[in-house]
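The working numbering puts the first residue of the sequence shown at 3, with every later residue one more than the last.
I have placed the structure first, in the form of structure tokens, so that the comments after it can refer back to it.
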Amino acid sequence: MADPTDLSPGRPSAGRAPASSGSEAPPAIELRHVSKAFGTVQANRDVCLTVEAGTIHGIIGENGAGKSTLMSILYGFYEADSGEILIDGRPVAIRSSRDAIAAGIGMVHQHFMLVDTMTVVENIMLGAESGAILATGIEKARAELQRLERDYNLEVDPDALAGELPVGQQQRVEILKALYRGADILILDEPTGVLTPQETDQLFRILDSLRRQGVTVVLITHKLREIMAITDRVSVMRGGEMVADRATAETSKEELAELMVGRKVLLRVDKQAPRIGDTVLAVDDLSYVDRAGVARVNHVSFTVRAGEIVGVAGVSGNGQSELLELLSGIRPMTGGGFSLLGERFSPERPLDPSTMRAMHAAHVPEDRLRMGLVRSFAAEESAILGYHEDPLYTAGPFLRGEAIRADCAAKMRDFDVRPQAPVLKTANFSGGNQQKIVLARELSRAPRLLLVGQPTRGVDIGAIEFIHRNLVAMRDAGSAVLLVSVELDEIMSLSDRIVVMFEGRIVGEVPAAEANERLLGLMMANAATEEEARHKHPGLPGAIAVDPE
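Okay, here's the thing in structure tokens:
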């Protein structure tokens, strides 16, 4: 292992001794009375935090609670207005990320900071090049990368282009970048927000390996199950203040949720048996082949009826995203078709989004920033996207500004959007409140069919409860809901029926009452046995494609 006192690029620390070793080492991190304001907004107020060396310490809180700001201060993106930072018991001045790196701190951001067209090894050494001859520096970096991969179980192809790697592999590259620069304190900001359950499990194995090697990990998240699964200790923030600190083994998801929100939170979805109506959506042999000739959606058939939620489960990238885009008219189908409220659409008669909306169908896209909102628009403008020609909002060729603003204000009240400021730019709302703006726009029109993708991605516990309650209310009011989510808990708790996709095909269907993580996980990997397939849905012979291996 490298000398732990050598923090030069390419010679990372071997990590501090774990706290459980019995040593009297000072805390890896100590923040004393840290405050930070942005204008009139107090993001952090008198925050104190202690993180022991060689542990995984969780920091949780709702969107806007101040946790990311606090870690940005620790990493030098912001400078605190007041307070003190101690690393290994020594006061340090951190005014830039360079200062943080010199202090042995690395950060993996929620949105990765890789150059897609560069290789893994080039990304890792970028900004930390050594030697006048680049080729020599690359070879040294490659050798160091191999050591890091071996020591920390972080295997990745050093010559692969970063932009061509799966998301989980890209995250490994970000962790390797931090370790390459000498980090023995690693901050991860919402690291599982873009990962599948399998990739999350892989990340947790990596974090456990880092902890065993003595690296201190600070995990910023709002997912309580992850906190309970991987952390040693957890601190809770609310309204910019640190409100609680607990040993993870001595707390519960229920207590942490209440501390985060300031009230009791219902962690399970409370719903009655569905009142099933007529078929609203009938998908028949639907297919989509991309430009490279790959069948992204492969002869898919299923139905969604009024008064039910049908969940689509699957590892990300198995055709769920393309399925939603086909059904919403965004992507052209190449085979088969579907009937919406009795009207047939096919490659010869495609559906377009405006026709879909006119038929009282709505779409909440998976990526709210890329497809659901315009960041530079005011919230009141984002709140009418796609419906801007509605007579409520127009007077001849002109938009009725006052009517649009009043309508947005009403939606914000109904959907608890914070702050309730229609003129505020969409980009200035937290992720959870941006999601509420999209949901308010689509759900307030009481659609007959709701297509919704990843409804709670990047959303905090209070907003998750609110969103789930509204989706169930839509179903109870008679809407047909098609739900795509990579969160198995969400699929199982919201759905009345669950279909599973693998490599563009539907490989099985399970009543939600009979579903469990093991069965769904096997189906998502196309590894369910013939016996399991028959037991769970004997009426669907061959519905699960069984791999003999």
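By construction, the Cβ of each residue, glycine as well, lies at the ideal position given by its N, Cα and C atoms.
Cross-strand partners of residue 288 (DSSP beta bridge): Position 286 of the sequence shown, counting from 1, holds the residue named residue 288. By DSSP's assignment, residue 288 forms a beta bridge with 302.
Buried or exposed (CB count within 10 angstroms, at least 16 for buried), residue 309: Taking the first residue of the sequence shown as position 1, residue 309 is located at position 307. The residue is buried, with at least 16 neighbouring Cβ atoms inside 10 Å.
Terminal residues of the beta strand (DSSP E) in which residue 263 lies: Along the sequence shown, read from residue 1 onward, the residue named residue 263 stands at position 261. Taken as a continuous stretch (DSSP letters only), residue 263 belongs to no beta strand (DSSP E), being part of the alpha helix (DSSP H) at 255 to 263.
For residue 111, the three-state DSSP class (helix, strand or coil): Residue mapping note: residue 111 aligns to position 109 of the sequence shown, counting from 1. Note: residue 111 maps to coil in three-state DSSP.
Exposure label - residue 364; buried when at least 16 CB within 10 Å: In the sequence shown, the residue the question calls residue 364 occupies position 362. In summary, residue 364 is buried, with 16 or more beta-carbon neighbours lying within 10 Å of its beta-carbon over all protein chains present.
Spatial neighbours of residue 45 in its chain, beta-carbon cut-off 6 Å, leaving aside the 5 residues before and after: Locating residue 45 in the sequence shown gives position 43, counting from the first residue. Only 38, 68, 71, 242 meet the Cβ criterion.
Residues near residue 472 in its chain [Cβ-Cβ closer than 7 Å; skip 5 each side]: If you number the sequence shown from 1, residue 472 lands on position 470. Contacts found: 441, 445.
Nearest-angstrom Cβ-Cβ length linking residue 556 and residue 302, presumed shorter than 8 Å: Outside the shown range of the chain, which is 3 to 551, sits residue 556, and nothing can be said about it.
6 Å Cβ shell around residue 437 - same chain, five flanking residues per side excluded: For the purposes of this step, residue 437 is identified with residue 435 of the sequence shown, where counting begins at 1. Excluding residues up to 5 positions away in sequence, 370, 461 lie with their Cβ nearer than 6 Å to the Cβ of residue 437 in the same chain.
Residues that residue 223 bridges to, as DSSP identifies them: Along the sequence shown, read from residue 1 onward, the residue named residue 223 stands at position 221. Per DSSP, the beta bridge partners of residue 223 are 62.
Residue 278, buried or exposed, once every other Cβ within 10 Å from all chains shown has been counted against 16: Numbered from 1 along the sequence shown, position 276 holds the residue referred to as residue 278. So residue 278 counts as exposed.
Close beta carbons around residue 134, own chain, < 6 Å, minus the five adjacent residues each side: Taking the first residue of the sequence shown as 1, we reach residue 134 at position 132. Confidence at residue 134 is low in this model, with a pLDDT of 47, below 50, so its placement is unreliable and the value that follows should be read with caution. Contacts found: none.
For residue 127 and residue 104, believed in contact at Cβ under 8 Å, the rounded distance: The sequence position of residue 104 within the sequence shown is 102, counting from 1. The sequence position of residue 127 within the sequence shown is 125, counting from 1. About 17 Å separates the CB atoms of residue 104 and residue 127; that is not less than 8 Å, and the two are not in contact.
Chain-order list of residues whose beta-carbon lies under 8 Å from that of residue 140 (same chain, five-residue window excluded): What you label residue 140 is simply residue 138 of the sequence shown in a count that begins at 1. 123, 124, 127, listed in sequence order.
DSSP state of residue 472 mapped onto helix, strand, coil: Within the sequence shown, residue 472 is the residue found at index 470, counting from 1. Residue 472: helix per DSSP, three-state reduction.
Nearest-angstrom Cα separation, counted from residue 176 out to residue 213: As a first step, residue 213 is located in the sequence shown; it is residue number 211 there, counting from the start. As a first step, residue 176 is located in the sequence shown; it is residue number 174 there, counting from the start. A direct Cα-Cα distance of roughly 17 Å separates residue 213 from residue 176.
Burial state of residue 275, where buried means 16 or more other Cβ atoms lie within 10 Å: Translated into positions along the sequence shown, residue 275 becomes position 273. So residue 275 counts as exposed.
Cα-Cα separation between residue 504 and residue 434, rounded to whole angstroms: For the purposes of this step, residue 504 is taken as residue 502 along the sequence shown, with counting starting at 1. For the purposes of this step, residue 434 is taken as residue 432 along the sequence shown, with counting starting at 1. So the alpha carbons of these two residues sit roughly 29 Å apart.
Enclosing alpha helix (DSSP H) for residue 596 [first to last residue]: As shown, the chain starts at 3 and ends at 551. That puts residue 596 outside it, with no answer to give.
Residue 361 in three-state terms, based on DSSP: Along the sequence shown, read from residue 1 onward, the residue named residue 361 stands at position 359. In the structure shown, residue 361 sits in coil (DSSP, three-state: anything other than H, G, I, E or B).
Beta-carbon spacing of residue 448, residue 282 below 9 Å: As a first step, residue 448 is located in the sequence shown; it is residue number 446 there, counting from the start. As a first step, residue 282 is located in the sequence shown; it is residue number 280 there, counting from the start. Not in contact: residue 448 and residue 282 (Cβ atoms no closer than 9 Å).
Three-state class that DSSP yields for residue 391 in the structure shown: For the purposes of this step, residue 391 is identified with residue 389 of the sequence shown, where counting begins at 1. Coil, per DSSP.
Touching by the beta-carbon criterion (3+ pairs, under 8 Å), the segment 280 to 299 and the segment 334 to 341: Counting Cβ pairs under 8 Å, three or more are found: they touch.
Residue 401 versus residue 395: straight-line alpha-carbon distance, rounded: Stepping through the sequence shown from its first residue, residue 401 is reached at position 399. Stepping through the sequence shown from its first residue, residue 395 is reached at position 393. Residue 401 and residue 395 have their C-alpha atoms roughly 6 Å apart.
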